[in-house]
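Colleague:
There are 2 protein chains.
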Amino acid sequence: MKVQVLQNILEFNDTLADQNRGVFDAHKVFVINLMSSPGAGKTTLLERTLKEGVLKDYRIGVIEGDIRTTLDGERLEALKVPVVQINTAVACHLDGQMISNACTALDLDSLDILFIENVGNLVCPAEFRVGEHQKVVLLSVPEGADKPLKYPLMFHESSLLLITKTDMLPQADVELNAIRSNALQVNPTLDIIELSAKTGAGIAQWGEWIKGKRTSCFGK
Amino acid sequence: MKVQVLQNILEFNDTLADQNRGVFDAHKVFVINLMSSPGAGKTTLLERTLKEGVLKDYRIGVIEGDIRTTLDGERLEALKVPVVQINTAVACHLDGQMISNACTALDLDSLDILFIENVGNLVCPAEFRVGEHQKVVLLSVPEGADKPLKYPLMFHESSLLLITKTDMLPQADVELNAIRSNALQVNPTLDIIELSAKTGAGIAQWGEWIKGKRTSCFGK
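Chains A and B, in that order, give the protein sequences. Under the working numbering, think of the first position of the first sequence as -17, with each following residue one higher. Under the working numbering, think of the first position of the second sequence as -17, with each following residue one higher.
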């Protein structure tokens, strides 16, 4: 019964997500849905990405999803990019309708890349498409190597895994190889980039990945 | 409309949670619902708690909730306590019905304390009572100090915050005082214990907290 309710919600959401995708394609806006546990470093990654200038030839926008507060939105707005903050109140994920509404507050013709920072949650966001071109999951080193096995849908649905906070490897009892092999067991086609938003390691590679995927969609 | 569906599910869940609580009270089993983001250290905390023997005068049982895998359940079963593993498949939280079912596999008369390790998720588990006496939230140092403000329901509903992985403070750009003040802003009556399951710091205090709360419920 509960599963049935979920199915209907998901079907309705997929219709809205397809509509969003059509709008993004028409405006040539490449959309990345960033997902992870709370505190894996989504906002810090976006800050560093913007500060490093690895995407300086592209016009960037951000939709910021949080249960409450505008803390993350404010951090990114300080970097002079257009930001729309969604507060989901009770919902533990963004959905197609929320993104459709948020887009009315953005000038899509003035954007090349739109980052959607989802609510911090390693479960539900994976179930709700929002019209994105790419789903990217972040897993921070301190969370542990078993997470891809325990939350497989998230890693199965994503095309890129960013292993974040690699600067914490010396303190964490976590092996990078174990994260990699567990993630690839769930999704053998997953791309993987190791990075640290603190030291800047891997940020250039992350920028190249985005450019390559955008070019595959829309050309140079 | 979606909120309405959620309301009905929550009302039905509350009825089941009340029934579970009645069963736990009848058997004098003190039940703690452990909640946190993925990777905050719930299983490692239980391992260390059992190994340290801070609850050696009590008979312990564990209900282990995960989307998939029995990895955590196996880690705890190795420590010779009865463990029931629930795999929730699509659900991002435990609910009253799941706990009721799991209890049929436990001999409640042979337990004094039952730990319920919820699915790793800082959002939904806070909405679903399962019949517990105490809700305890773990926040690990690397997750950052803003989490109580961004996920307030979890911190509002819990009676104890365990700040975990304090051994990582030197590497994390996180202030303990900021975690404390943000958490107390959301819930001024919240108890707070700082601990490290790696070094053992704070584990004795956590044991004393449990004993005190259990005595308040059931006497010595």
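Idealized CB from N, CA, C, for every residue including glycine.
Given S92 (chain A), which residues of its chain have a CB within under 7 Å of its CB, disregarding the five upstream and five downstream residues?
Modeller: Counting only Cβ-Cβ distances below 7 Å, and skipping sequence neighbours, we find R41.
Colleague: Using a Cβ-Cβ cutoff of 8 Å, what residues of the stretch 124 to 145 of chain A are near chain B? List them in chain order.
Modeller: Answer in chain order: P124, E125, G126, D128, K129, L131, K132, Y133, P134 and L135.
Colleague: Enumerate in chain order the residues of its own chain whose CB-to-CB distance from Q187 (chain A) is below 6 Å, with the five nearest sequence positions on each side excluded.
Modeller: Closer than 6 Å at Cβ, skipping near neighbours: I175.
Colleague: What residues in its chain sit with their C-beta under 6 Å from that of A160 (chain A), if we drop five residues either side in the sequence?
Modeller: Excluding residues within five positions, the ones whose Cβ falls inside 6 Å are A127.
Colleague: Which residues of chain B have a Cβ atom closer than 9 Å to the Cβ of S19 (chain A), listed in chain order?
Modeller: Result: S19, P20, G21, A22, G102, N103, L104 and E125.
Colleague: Going by DSSP, name the residue or residues bridged to S122 (chain B).
Modeller: B:T146, per the DSSP bridge assignment.
Colleague: In chain order, what residues of the same chain have a beta carbon less than 8 Å from the beta carbon of H9 (chain B), not counting five sequence neighbours either side?
Modeller: Contacts found: L90, D91 and L93.
Colleague: Using the beta-carbon of each residue, which ones in chain A are nearer than 7 Å to K147 (chain B)?
Modeller: Correct list: P124.
Colleague: With contact counted as at least three CB pairs below 8 Å, one residue from each stretch, are the stretch 177 to 195 of chain B and the stretch 15 to 31 of chain B in contact?
Modeller: Yes, the stretch 177 to 195 of chain B is in contact with the stretch 15 to 31 of chain B.
Colleague: In this structure, does DSSP put V11 (chain B) in helix, strand or coil?
Modeller: In the structure shown, V11 (chain B) sits in coil (DSSP, three-state: anything other than H, G, I, E or B).
Colleague: Would A183 (chain B) pass as an interface residue toward chain A - the criterion being a Cβ-Cβ separation below 8 Å?
Modeller: No, A183 (chain B) does not count as interfacial toward chain A.
Colleague: Starting from F97 (chain A), trace the beta strand (DSSP E) in both directions and tell me its first and last residue.
Modeller: First-last of the beta strand (DSSP E) with F97 (chain A): I95 to E99.
Colleague: Decide if K202 (chain B) is buried, meaning its Cβ has at least 16 other Cβ atoms within 10 Å, or exposed.
Modeller: It counts as exposed.
Colleague: With a threshold of 6 Å on Cβ separation, who are the neighbours of L135 (chain A) within its own chain once the five nearest residues in sequence on each side are excluded?
Modeller: Excluding residues within five positions, the ones whose Cβ falls inside 6 Å are A108.
Colleague: Check whether the Cβ atoms of I95 (chain B) and A84 (chain B) sit closer than 8 Å, and answer yes or no.
Modeller: No, the pair does not count as a contact, with Cβ atoms beyond the cut-off.
Colleague: Which one of A:K132, A:K129 and A:G113 has the shortest CA to CA distance from V5 (chain A)?
Modeller: Closest option to V5 (chain A), Cα to Cα, is A:G113.
Colleague: Take T148 (chain B) as the anchor and find which of B:T26, B:V168, B:K24 and B:S122 has the nearest alpha-carbon.
Modeller: Among B:T26, B:V168, B:K24 and B:S122, the Cα nearest to that of T148 (chain B) is on B:S122.
Colleague: Measure the C-alpha to C-alpha separation of V(-15) (chain A) and I(-9) (chain B) and round it to an integer number of angstroms.
Modeller: Bear in mind that the predicted position of V(-15) (chain A) carries a pLDDT of just 41, short of 50, making it too unreliable to give a figure here.
Colleague: Evaluate contact between the stretch 95 to 106 of chain B and the stretch 42 to 52 of chain B, counting only Cβ atoms and requiring at least three cross-stretch pairs below 8 Å.
Modeller: Segments in contact, yes.
Colleague: May I ask you to report which of helix, strand or coil DSSP gives N159 (chain A)?
Modeller: It is helical.
Colleague: Quick one: give me the first and last residue of the beta strand (DSSP E) that N69 (chain B) is part of.
Modeller: Counting along the chain, the beta strand (DSSP E) containing N69 (chain B) begins and ends at V65 to N69.
Colleague: In whole angstroms, what is the alpha-carbon distance linking Q1 (chain B) and G78 (chain A)?
Modeller: C-alpha separation (whole angstroms): 37 Å.
Colleague: For a test of the three-state rule: what should DSSP assign to K(-16) (chain B), helix, strand or coil?
Modeller: Only weak support exists for where K(-16) (chain B) lies, its pLDDT of 38 falling under 50; the coordinates are left without a value.
Colleague: So what does DSSP say about V36 (chain B), is it helix, strand or coil?
Modeller: Reduced to three states, the DSSP call for V36 (chain B) is coil.
Colleague: Using a Cβ-Cβ distance cut-off of 8 Å, determine whether R162 (chain A) contacts chain B.
Modeller: So, not an interface residue.
Colleague: For L53 (chain A), which residues in chain B fall below 9 Å Cβ to Cβ?
Modeller: Simply D128, L131 and K132.
Colleague: Can you tell me the Cα-Cα spacing of P64 (chain A) and L53 (chain A), whole angstroms?
Modeller: C-alpha separation (whole angstroms): 15 Å.
Colleague: Note down, in chain order, every chain B residue with its Cβ under 8 Å from the Cβ of M150 (chain A).
Modeller: Chain B residues near M150 (chain A): P124, M150, Q153 and A154.
Colleague: Pull up the distance between the alpha-carbon of I145 (chain B) and that of P20 (chain A), whole angstroms please.
Modeller: For I145 (chain B) and P20 (chain A), the distance between alpha carbons rounds to 15 Å.
Colleague: Between L131 (chain B) and the rest of its own chain, which residues show a CB-CB distance below 6 Å, the 5 nearest in sequence each way excluded?
Modeller: So the list reads N164, once near-sequence residues are dropped.
Colleague: Since I believe Q116 (chain B) is in contact with K195 (chain B) (beta carbons under 8 Å), could you give me their beta-carbon distance rounded to a whole number of angstroms?
Modeller: The Cβ separation is near 6 Å, so the contact holds.
Colleague: Tell me K117 (chain A)'s beta-bridge partners as DSSP assigns them.
Modeller: BP columns for K117 (chain A) point to A:N15.
Colleague: If the criterion is Cβ atoms closer than 8 Å, does the pair N103 (chain B) and V105 (chain A) meet it?
Modeller: Yes; because the gap between Cβ atoms is below 8 Å, this pair is in contact.
Colleague: What is the DSSP secondary structure of I49 (chain A), counted as helix, strand or coil?
Modeller: In this structure, I49 (chain A) counts as coil in the three-state DSSP scheme.
Colleague: What residues from the stretch 38 to 68 of chain B come within 7 Å of chain A, judged by C-beta to C-beta, listed N to C?
Modeller: Those would be D48, I49, R50, T51 and L53, in chain order.
Colleague: May I ask you to list, following chain order, the residues of the stretch 74 to 88 of chain B that have a beta carbon less than 8 Å from some beta carbon of chain C?
Modeller: In the structure shown, chain C does not exist; the protein chains are A and B.
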